[in-house]
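Asker:
There are 4 protein chains.
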Amino acid sequence: MDIIVLRPGVTDKEIRHVVKKLGNKGFKVQISKGTERTLIGVIGDTSKVTEEEISAFEVMSGVEKIHRIIKPFKLSSRDFQAKNTLIKVGKHTIGGKKIHVIAGPCAVENMTTLLKIAKEVKKSGATFIRGGAFKPRTSPYSFQGLGEKGLKILAKTREETGLPVVTELMDPRDIDVIMKYADVIQIGTRNMQNFRLLQEVGSHDKPILLKRGLSATIKELLMAAEYILSRGNNKVILCERGIRTFETATRNTLDLNAVPVLKKLTHLPVIVDPSHGVGKWDLVAPMAKASIAAGADGLMIEVHTNPEEALSDGEQSLKPAKFKTLMKELKAIAKVVGREI
Amino acid sequence: MDIIVLRPGVTDKEIRHVVKKLGNKGFKVQISKGTERTLIGVIGDTSKVTEEEISAFEVMSGVEKIHRIIKPFKLSSRDFQAKNTLIKVGKHTIGGKKIHVIAGPCAVENMTTLLKIAKEVKKSGATFIRGGAFKPRTSPYSFQGLGEKGLKILAKTREETGLPVVTELMDPRDIDVIMKYADVIQIGTRNMQNFRLLQEVGSHDKPILLKRGLSATIKELLMAAEYILSRGNNKVILCERGIRTFETATRNTLDLNAVPVLKKLTHLPVIVDPSHGVGKWDLVAPMAKASIAAGADGLMIEVHTNPEEALSDGEQSLKPAKFKTLMKELKAIAKVVGREI
Amino acid sequence: MDIIVLRPGVTDKEIRHVVKKLGNKGFKVQISKGTERTLIGVIGDTSKVTEEEISAFEVMSGVEKIHRIIKPFKLSSRDFQAKNTLIKVGKHTIGGKKIHVIAGPCAVENMTTLLKIAKEVKKSGATFIRGGAFKPRTSPYSFQGLGEKGLKILAKTREETGLPVVTELMDPRDIDVIMKYADVIQIGTRNMQNFRLLQEVGSHDKPILLKRGLSATIKELLMAAEYILSRGNNKVILCERGIRTFETATRNTLDLNAVPVLKKLTHLPVIVDPSHGVGKWDLVAPMAKASIAAGADGLMIEVHTNPEEALSDGEQSLKPAKFKTLMKELKAIAKVVGREI
Amino acid sequence: MDIIVLRPGVTDKEIRHVVKKLGNKGFKVQISKGTERTLIGVIGDTSKVTEEEISAFEVMSGVEKIHRIIKPFKLSSRDFQAKNTLIKVGKHTIGGKKIHVIAGPCAVENMTTLLKIAKEVKKSGATFIRGGAFKPRTSPYSFQGLGEKGLKILAKTREETGLPVVTELMDPRDIDVIMKYADVIQIGTRNMQNFRLLQEVGSHDKPILLKRGLSATIKELLMAAEYILSRGNNKVILCERGIRTFETATRNTLDLNAVPVLKKLTHLPVIVDPSHGVGKWDLVAPMAKASIAAGADGLMIEVHTNPEEALSDGEQSLKPAKFKTLMKELKAIAKVVGREI
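Chains as they are written, first to last, in our numbering: chain A, 1 to 341; chain B, 342 to 682; chain C, 683 to 1023; chain D, 1024 to 1364.
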């Protein structure tokens, strides 16, 4: 259902024209003449109507504005499914009482380093290993990742530690190779509206970790999830990781408000990546604790044994000892909010 | 100390001109000729130099850019004072181990309602009562507050409950009347850069609760505090209350990142107002918990016994029962992060 | 007229409660049961209802959201007055066919400099002199203006050149002194929502130049104008001067889109200040030309004979020779869009 | 050359450690002990050093901050090439004195409509036809474009009218089919940081129209161009099309400031798309005029013979008659700024 607001002085002819167009699309109308404006209520299920179709009415003579009443996302909405979606990955379940922590370096660098990090984070309670083999980098002159070699290192690390692997897919042409090695496929911030990539992962059944775009609204994040869900893959984990604002004291502005807002709007699990959100290792711990307090279902944290030598994002990585301390505090906070880690 | 970056192809004459101007202001220089740019290092205490004086160098022929090395705020900086500032209000101390919760309605409406709310929030553990007598409203047609009558109601409520009063000053002409009734003077978001108001409260010795402007950077918040400190009043409490971003799912984007960033940069206490930050009562509790987890020294929360009838901001006020539940959870989280409420 | 959207599963009892509350406020309702949501249309003139009163309905059980149909500003709206407001200042009229250029230094420094600048800009076609006597500065350590001495210099300059004076009021306590010397009173960016100051200038009859706040929406700018208009002063000139965004290549993001949007929404004149908008003198000329092409009624441009020595904003000031060249181009563009300078 | 700012109280051991690391990377240093901070100047060509390598220094003990002196983009910079890049497309040259206008519908719908629009816009002076065959849509339920069928319609239209074709590539897997039909390949806003797509088009030699991302800084736009240039394709046309800000009165905030800023920083041509920038047809004309006044090298404008029936973006399309009037005004403004259309 939508409301069409007409301009002051709209003519009967103009109204009839709008009503006829609506009729052509199968809608009934209800006209309300108010003291200052006349409104047309569009009756019927406008949720099948695209934003574009509706907005085309905005160019019609006599029309001032359209108010959409129905949310544009459906499958990801709590209206559609009230119960939390639980996503199984091996023996783990994401979205339930247990909070999961995905930890590891930004980029996979070599077997020795990754394995060392994986063992450390596992000991502290992390349940997934992360690491990029394909890296989206702002500069063409930056390290672009090891590619399939990196994926093999991740798989080997999983074999040794039992930790399932979360890693990023950047290009639909890499889907087969990623499917071979990943347990959870990450869609990065810069690809949140790479619709072809979303359609591609929507056609497979691996869990998808979908990161919010730098300037994506919460509604757009849910619309991006809708792309995946509408293709049949309902294993989507949403990830808040910082938005772009005017503030430059932090790399991005981690928007923790998104956590309770998303938990209200959608049944999908919501996790937080404070490392990218703030971009400085000494701000990661407070924001990780705040994420759990705000109701997040999980965390994604960059950990590196030697941040000074990291090939990427060293400045936002925790050392294993700091990570261990943080995990203890996170456990205590999880308990306060009725969860466990 | 500052660095002046010169354009490629800068002439010796241009360099001499810049150096001479710096000399006139009492600075020595150190020139470094790099492969791509020549730099002038400005030696001496440039912290006394204003942004304007330095930026005037940017118009000089041959100059490309100025990099300022020193932070523009001084008295509020941890470099200036490493130890946390403790602010005494009656028997309470803000900025120490104990976290304080300031609660109450957005606007003072009448004696009965305010007293009822005050008693409720005190029972749950709040240590200050808040309520606006002078209200900054976006619309001239909105309720503008009771003025001095409202202040009297606040004072009476303090008498009955023992809770010190936090209330807003909007106009330098109201300073005397506010001084008579308030224990902590609030400078609101829209007045964070009302420099005359800042100078006015800087000349008195009441504690000031300085709210971050909607589009103020953390640096600008500290510069606003500097206005107050530089006049001799060092009792400034900073308050994060949401910034303006592109996201419209929440009233503002509560920027909890500001909490650990501020705690690192300044010795002043930092509190959070989640009610204005999110603008919806059901998001207040998770963000209040997140604030404490992130390291805040206090909270400011809107509570109303009858939000439906509130004259202002009803949609973001908690009812006393919800506030009570929240306070219990806050106590548990405070303990995890080594604090108490 | 407003639309109240009810939650799915709303009960009849909840609906009756909302309807009763509306009845208490004197409104009739029209209920539409759609396939996915039930709506309540609020009939009657809700424009007298404040945002707060309406938003209080959002906390009511069963209510999901309120859509406001009527714009919250009235007196400043084209619905209220279709014809452009013409503002007379001496022999000049702002808001008509002629485009006015207000030029001068950021701050008044001394008689000699101001007079020299005034003569230069007048020769090039500027019709008003600008210059701050009271300066809002981010840092308490920056030059704060000459105060009344500066106003006297402005008045003297007017006497010599015939150019009317535009200067800023920062504090309601300075209203009398400003009234004595200014022809147009400027309300600065940081005071756009200093509601007491708006009320103060609304009670006098001098023309007001109201600058858009750094993070103010166009709607909020019109609400700020409404404060002045609702007190009886309808001589308000709106000024776009750059908003705060994530982009740091320019000091602010001059939002020229605001020009055609405002011209559509309001009958008040709209001018642009490209100097503050971009913050670099070499970007001022292209943006000044763009402003006129976009439909602005005037410009405010910083000009200084010696930007290197300016006490404020030297980096964004044009030298008189550049200003002269710019004025020639502006005249040609004005002609293309059916205006004159 | 970069500057490393050390913390107050940094030890000699910490300094030696940083200096050693720099030495390992082949850099010499120059240490300046100031009154408040010690700085390390890094001597040598740091432009080959990635942001990541340098930022890794930020985690080192004793380091406070890094100031980068050199711009991170090279090939696209005016430092690298002072003269404007001229891009030949058939008989046209983009980036020279002549301003080009690319016009057409948002999406290709059918042969009849496109041809009709193409003939109309050509008559008014447009020199390129635009139309999407692959459409990035926020909702999976919106029209996604005709695919290759759309490309064939574009090619047929070029045959009939002689207008070269600008159309979007969304997926690296479509590169071959796009190469067959397009004269200029558009990279859309949501793909500005789809680095694989950038590398793909960098390996071909068709001109690329690179649209600025919704939340991309000007620097990031140039870094995205760098991806294409660094692969050997130097025919990149930059396009400003609106950024995301807090303002909701327009679909996006068209950032015309970017035009003079880019013309200063880069030798690549800069065009503007006011249709997407503002999202309302009645704001397109003023912003198109403003774009030319600000110094743009071209425009991209949505035109549709029947906006009410457009399958996409009808609300922001001009009808041919309005486009014709606009073109006349644009010609007059172009002349004022020393250009022609």
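Ideal Cβ positions, reconstructed from N, Cα and C, are used throughout, including at glycine.
(1) Could you give the C-beta distance for Ile1077 (chain D) and Val1041 (chain D), rounded to a whole number, given that I count them as a contact under 8 Å?
(2) Just mark Thr607 (chain B) as buried or exposed, buried being the case when its beta carbon has 16 or more other beta carbons within 10 Å.
(3) Between Thr1276 (chain D) and chain C, is there a C-beta pair that is closer than 7 Å?
(4) To the nearest angstrom, how far is it from the Cα of Pro413 (chain B) to the Cα of Gly583 (chain B)?
(5) Taking only beta carbons into account, state which residues of the stretch 178-208 of chain A come closer than 7 Å to chain D, listed in chain order.
(6) Identify the contact partners of Ser556 (chain B) in chain A, using a Cβ-Cβ distance below 8 Å as the criterion.
(7) I want to verify the contact list: residues of chain B whose CB lies under 9 Å from the CB of Pro818 (chain C), in sequence order.
(8) Quick check: is the beta carbon of Lys630 (chain B) nearer than 7 Å to any beta carbon in chain A?
(9) Beta carbon of Leu688 (chain C), beta carbon of Gly744 (chain C): below 7 Å?
(10) Is the separation between the beta-carbon of Gln193 (chain A) and that of Arg1213 (chain D) shorter than 7 Å?
(11) Which one of C:Pro951, C:Val966 and C:Val943 has the shortest CA to CA distance from Gly1300 (chain D)?
(12) Interface residues of chain B around Gln1053 (chain D) at Cβ under 8 Å?
(13) Where does Leu427 (chain B) land, buried or exposed, given buried means 16+ other C-beta within 10 angstroms?
(14) Going by C-alpha distance, which of C:Asp761, C:Met742 and C:Glu696 is nearest Glu36 (chain A)?
(15) Curious, which full-length alpha helix (DSSP H) runs of at least 4 residues does the stretch 1038-1091 of chain D contain?
(16) Looking at chain A, is there any beta carbon in it that lies within less than 7 Å of the beta carbon of Ser559 (chain B)?
(17) What's the call for Gly279 (chain A), buried or exposed, on a 16-neighbour Cβ count within 10 Å?
(18) Go ahead and pull the three-state DSSP assignment for Gln868 (chain C).
(19) Does Asn1280 (chain D) have its Cβ less than 7 Å from a Cβ in chain C?
(20) Could you spell out the range, first to last residue, of the alpha helix (DSSP H) harbouring Ala906 (chain C)?
(21) Using a Cβ-Cβ distance under 7 Å, would Ala637 (chain B) count as near chain C?
(22) So, at 8 Å on beta carbons, what are the nonlocal neighbours of Ala118 (chain A) in its own chain, with the 5 sequence-adjacent residues on each side left out?
(23) Looking at the unbroken alpha helix (DSSP H) that takes in Thr843 (chain C), where does it start and where does it end?
(24) Among D:Lys1056, D:Ile1066 and D:Ser1055, whose alpha-carbon lies nearest the alpha-carbon of Leu1045 (chain D)?
(25) Taking DSSP's pairing of strands, which residues face Ser418 (chain B) in a bridge?
(26) Just to confirm the assignment, what range does the beta strand (DSSP E) spanning Glu656 (chain B) have?
(27) What whole-angstrom Cβ distance do Leu539 (chain B) and Ala565 (chain B) have, given they're in contact under 8 Å?
(28) CB-CB under 8 Å to His433 (chain B), same chain, minus the five flanking residues each way: which ones, in chain order?
(29) From the DSSP output, read off the bridge partner residues of Cys239 (chain A).
(30) Please tell me whether Ala474 (chain B) and Leu455 (chain B) are closer than 7 Å, where the distance is taken between their beta carbons.
(31) Tell me whether the stretch 975-995 of chain C and the stretch 1322-1332 of chain D touch, counting them as touching only if at least three CB pairs, one residue from each stretch, are closer than 8 Å.
(32) Given that Ile345 (chain B) touches chain D, what residues does it touch there, using C-beta distances under 9 Å?
(33) Quick check: the Cα distance between Ile292 (chain A) and Gln316 (chain A), rounded to an integer number of angstroms?
(34) Going by Cα to Cα distance, which pick from C:Pro690, C:Phe709 and C:Ala1016 is closest to Glu715 (chain C)?
(35) Quick one: grab the DSSP three-state call for Ile458 (chain B).
(36) What does DSSP give as the partner residues of Glu509 (chain B) in its beta bridges?
Answerer: In terms of the structure at hand:
(1) The Cβ separation is near 12 Å, so there is no contact.
(2) buried
(3) yes
(4) 23 Å
(5) Arg190, Asn191, Gln193, Asn194, Phe195 and Arg196
(6) Phe246
(7) Gln534, Asn535, Phe536 and Arg537
(8) yes
(9) yes
(10) yes
(11) C:Val943
(12) Ser373
(13) exposed
(14) C:Asp761
(15) 1074-1079
(16) Rather than Ser, the amino acid found at residue 559 (chain B) in this sequence is Ile. Ile559 (chain B) counts as touching chain A.
(17) buried
(18) strand
(19) yes
(20) Ile900 to Leu911
(21) no
(22) Gly104, Ile129, Thr157, Glu160, Thr161 and Leu163
(23) Glu830 to Thr843
(24) D:Ile1066
(25) B:Thr607
(26) Here Glu656 (chain B) belongs to no beta strand (DSSP E), and DSSP marks it neither H nor E.
(27) 6 Å
(28) Lys439, His441, Thr468, Phe469 and Pro505
(29) A:Lys211 and A:Ile271
(30) no
(31) no
(32) Simply none; closest approach about 11 Å.
(33) 19 Å
(34) Reading off the sequence shown, one finds Lys at residue 715 (chain C), where the question assumed Glu. Taking only the C-alpha atoms, the option nearest Lys715 (chain C) is C:Pro690.
(35) helix
(36) B:Gln527
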